[in-house]
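S.K.:
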Amino acid sequence: MKARAVRERWITDLCRRSLSGITVIELVLILVIVIALLLIFKNQLINLINTIFDKIISESSGI
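Letter by letter, the sequence shown follows residues 1 to 63 in the UniProt record's numbering.
(1) Secondary structure at F41, three-state DSSP: helix, strand or coil?
(2) Do you know how far the Cα of L48 is from the Cα of S58?
(3) By DSSP, does I63 sit in helix, in strand, or in coil?
Listed below in structure tokens is the structure:
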């Protein structure tokens, strides 16, 4: 009986470690993809942000 409980605890611990490792790998891959997209579209993002802030500034001067 005790051996069965130890074996079940070992299996659940192994599953937890496996699942937590998968989530870390997924998180790293997502971060790599986001950083790559930011680097690829850097100029377009900067232009978009500048346009948005210019519009905010020009429209807020009328207030």
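Where a beta carbon is used, it is the ideal one built from N, C-alpha and C, also for glycine.
M.R.: Here's the rundown:
(1) coil
(2) Across the structure, S58 and L48 are spaced so that their CA atoms are roughly 15 Å apart.
(3) Here I63 carries a coil assignment [DSSP, helix/strand/coil].
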